[in-house]
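Taking full-length UniProt numbering, the leading residue of the sequence shown gets 1, the next gets one more, and so forth.
Glycine included, each C-beta is placed from N, C-alpha and C at the ideal position.
Given the structure is predicted, the values throughout are model-derived calculations rather than measurements.
Below is one structure, written out as structure tokens; the observations come after it.
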Amino acid sequence: MTVACLESLTFGLGHLVRAADRLGERLLLLTRDPAYYAYELDRLPGDALDVVVTDTFDVERVAALLRRTPGLRGLVSSTDTWTLTGAALAERLGLPGLDPAVLRLTRDKAAVRDRLHDAGLTRARAVESAGPDREARGLLLKEAGLPLVLKDTAGTGSQNVWLVRDEGELDAALAEASGRDLKGRLFAEPYFSGPVYSAETLTWDGRTRLLGVSSRLMSPEPHFREEITAFPVAFPNPQRTSLESWLDRVLAAIGYTDRPAHVEFVLTADGPEVVEVNPRIGGALVGEGMCRALGVNVYEAVLEAALGRRPGLMDADLPGGPAVAFVLGYPAAPGVFTGVAGLDRLTDMPGTCAWYPVKQVGERIEHLGDSRGYAGIVYAEAETAELATHRAVTAANALRVLTNPIPDPIPGPAGRTAPGG
Numbered sequence: 001m002t003v004a005c006l007e008s009l010t011f012g013l014g015h016l017v018r019a020a021d022r023l024g025e026r027l028l029l030l031t032r033d034p035a036y037y038a039y040e041l042d043r044l045p046g047d048a049l050d051v052v053v054t055d056t057f058d059v060e061r062v063a064a065l066l067r068r069t070p071g072l073r074g075l076v077s078s079t080d081t082w083t084l085t086g087a088a089l090a091e092r093l094g095l096p097g098l099d100p101a102v103l104r105l106t107r108d109k110a111a112v113r114d115r116l117h118d119a120g121l122t123r124a125r126a127v128e129s130a131g132p133d134r135e136a137r138g139l140l141l142k143e144a145g146l147p148l149v150l151k152d153t154a155g156t157g158s159q160n161v162w163l164v165r166d167e168g169e170l171d172a173a174l175a176e177a178s179g180r181d182l183k184g185r186l187f188a189e190p191y192f193s194g195p196v197y198s199a200e201t202l203t204w205d206g207r208t209r210l211l212g213v214s215s216r217l218m219s220p221e222p223h224f225r226e227e228i229t230a231f232p233v234a235f236p237n238p239q240r241t242s243l244e245s246w247l248d249r250v251l252a253a254i255g256y257t258d259r260p261a262h263v264e265f266v267l268t269a270d271g272p273e274v275v276e277v278n279p280r281i282g283g284a285l286v287g288e289g290m291c292r293a294l295g296v297n298v299y300e301a302v303l304e305a306a307l308g309r310r311p312g313l314m315d316a317d318l319p320g321g322p323a324v325a326f327v328l329g330y331p332a333a334p335g336v337f338t339g340v341a342g343l344d345r346l347t348d349m350p351g352t353c354a355w356y357p358v359k360q361v362g363e364r365i366e367h368l369g370d371s372r373g374y375a376g377i378v379y380a381e382a383e384t385a386e387l388a389t390h391r392a393v394t395a396a397n398a399l400r401v402l403t404n405p406i407p408d409p410i411p412g413p414a415g416r417t418a419p420g421g
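Given below as structure tokens:
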């Protein structure tokens with residue numbers, strides 16, 4: 001019996017393989033580039049899973065490939081980029097899964113905000129009159145107010161997000177956005193002030209279990225670069241119960257019935273406000289941290305949901321483990337990644353510190369304002385998320401992500417240029 005995985009998050013593939021083995025399934029990874037998973041694949045036996053290289057954006061090709069797969073019983077699509085492709089494939093092949101219309105909704109941040117507003121779960125609607133003309137600009141200011149956030153309805157990784165605190169910043173953001181290749185549409189919403197968190201949840205048959213909350217420490221304004229995460233945040237029991245009830249209502253409002261979710265929210269002075277709903281386990285090392293901190297392989301729930309089976313994690317007692325934290329490692333300047341200085345110092349640090357690489361030597365790092373810019377992740381653990389954060393930050397401060405300047409283009413014949421290096 002086989003479960004197919006349409007691409008994957010950078011980390012977590014090993015846990016998926018072990019979960020499949022425990023459930024008596026064979027994991028099939030469909031990918032455009034196996035090198036993206038080099039860290040995970042290098043740590044697995046060569047025969048641990050099947051890997052097929054194909055154009056994973058080509059629905060027709062992948063559907064034909066899956067139809068030829070013996071004993072196919074489920075499909076996992078755990079990335080934002082391939083969410084809609086996965087939904088289309090599951091629907092076409094009659095595989096278990098969340099209603100494709102709900103998955104399409106989660107990939108439209110403006111539509112999610114409007115749906116939550118209609119349900120009385122947010123203070124503001126989305127404003128999509130974000131054009132440069134005076135009338136559209138005036139409507140945006142009137143409806144969203146200042147400060148506001150402009151962003152892509154289908155954006156990922158904090159890309160194409162602008163904080164607007166005055167009219168001058170609004171004009172600059174609109175001008176910059178007009179030159180960007182958005183994945184969706186440009187819209188505005190109020191800027192909700194407060195710390196950012198991510199709720200890691202599991203929903204089955206319309207009921208949601210809160211597995212824990214991750215902290216999301218961000219860069220200074222005006223950027224929204226993610227920098228430090230810790231799990232689980234220790235909320236007082238009454239507040240945790242209230243959060244779980246609120247999350248249950250949020251996910252029910254968008255028709256979310258059956259699978260893990262990663263719900264980003266701001267805890268404002270007036271209560272929680274949704275940033276976005278992601279129909280998957282969190283990225284970076286969130287899944288790894290959940291497995292360690294909860295004492296269970298949470299990826300079993302991912303596969304059970306993909307098989308149309310009630311996940312045991314919905315009812316399981318969680319044995320628990322160490323709290324975890326991680327810091328995303330960004331270079332001081334853009335350039336060609338050449339390595340990391342100080343890795344040998346991690347062995348002397350408390351907290352089982354480790355470096356999880358994301359970039360390979362020779363790759364270009366050109367964008368430092370969002371998550372495209374980090375080269376790897378520093379991990380640490382401790383008795384509480386607070387202590388784990390202290391350890392992870394201390395370890396990260398001992399490292400330097402190194403880059404060389406990107407070479408200038410080499411002049412080519414007839415005034416043209418050829419790539420350098």
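Got a sec, what are the start and stop residues for the beta strand (DSSP E) residue i sits in?
i: E273; result: G271 to N278
i: A199; result: V196 to W204
i: M218; result: R207 to M218
i: L30; result: R26 to T31
i: A4; result: T2 to L6
i: A188; result: L186 to P190
i: R309; result: Careful: R309 lies outside any beta strand (DSSP E) and carries neither H nor E.
i: G74; result: L72 to V76
i: L402; result: R400 to N404
i: L163; result: V161 to V164
i: D50; result: D50 to V53
Can you tell me whether residue i is buried or exposed? The criterion is at least 16 other CB atoms within 10 Å of its CB, across all chains shown.
i: H15; result: buried
i: G420; result: Its pLDDT being 37, under 50, G420 is placed unreliably by the model, and nothing is read from it.
i: V277; result: buried
i: N160; result: buried
i: T54; result: exposed
i: D348; result: exposed
i: N297; result: buried
i: A234; result: exposed
i: G282; result: buried
i: T417; result: Because T417 carries a pLDDT of 31, less than 50, the predicted location of this residue cannot be relied on, and no value is offered for it.
i: H367; result: exposed
i: R61; result: exposed
i: G155; result: buried
i: G94; result: exposed
i: E221; result: exposed
i: R113; result: buried
i: D152; result: buried
i: R68; result: exposed
i: residue 427; result: Any question about residue 427 goes unanswered here, given that the chain covers just 1 to 421.
i: S178; result: exposed
i: A119; result: exposed
i: T241; result: exposed
i: S198; result: buried
i: E226; result: buried
i: P319; result: exposed
i: E383; result: exposed
i: G415; result: The pLDDT assigned to G415 is 40, lower than 50, so where the model puts this residue is not dependable; a value taken from the coordinates is nonetheless given after this. Counting Cβ neighbours within 10 Å, G415 comes out exposed, since fewer than 16 surround it.
Give the range of the alpha helix (DSSP H) segment to which residue i is assigned.
i: K151; result: Note, K151: premise wrong, no alpha helix (DSSP H); beta strand (DSSP E) at L148 to D152.
i: T389; result: A385 to N397
i: R22; result: L13 to R22
i: V62; result: V59 to R67
i: D171; result: E167 to S178
i: V298; result: Note, V298: premise wrong, no alpha helix (DSSP H); not H, not E.
i: Y36; result: Looking at the DSSP string, Y36 is not in any alpha helix (DSSP H), and its letter there is neither H nor E.
Please report whether the beta-carbon of residue i lies at a distance below 8 Å from any beta-carbon of chain D.
i: A111; result: No chain D appears in this structure, which consists of one protein chain only.
With distances taken from CA atoms, which of the options is nearest residue i?
i: G30; options: P45, D42, A19 and T2; result: In the sequence as presented, Gly is not what sits at residue 30; that position holds Leu. Residue T2 is the option with its Cα nearest to L30.
i: T79; options: K151, D99 and T56; result: T56
i: V378; options: K151, V51 and A395; result: A395
i: L170; options: V196, S371, G145 and S158; result: G145
i: I365; options: S8, A111, G12 and P331; result: P331
i: V361; options: T338, S8, G373 and A284; result: T338
i: G36; options: S8, R26 and A48; result: A quick correction: the sequence has Tyr, not Gly, at residue 36. When only C-alpha atoms are compared, the closest one is S8.
i: L343; options: D42, G46 and R400; result: R400
i: V52; options: V324, T384, L65 and S371; result: L65
i: L267; options: G194, R240, L243 and A230; result: G194
i: E264; options: P279, M290 and D270; result: P279
i: E288; options: A4, L116 and V324; result: V324
i: G308; options: S215, D205 and R292; result: D205
* Asked: What runs of the alpha helix (DSSP H), each 4 residues or longer, lie entirely inside the segment 318-354?
  -> none
* **Those runs of the beta strand (DSSP E) which lie wholly inside the segment 357-383 and span at least 3 residues** => Counting only runs of 3 or more residues that sit fully inside the segment 357-383, the beta strand (DSSP E) segments are 376-382, in chain order.
* **beta strand (DSSP E) runs contained entirely in the segment 221-262, provided each spans 3 or more residues** => 226-231
* Where in the segment 85-150 do unbroken runs of the alpha helix (DSSP H), each at least 4 residues long, occur, reported from the N-terminal end onward? -> 100-106, 109-118 and 134-144
* **Contact the segment 251-258 vs the segment 102-119: 3+ CB pairs below 8 Å** => yes
* Inspect the CB distances between the segment 301-317 and the segment 37-47 and report whether three or more fall short of 8 Å. => no
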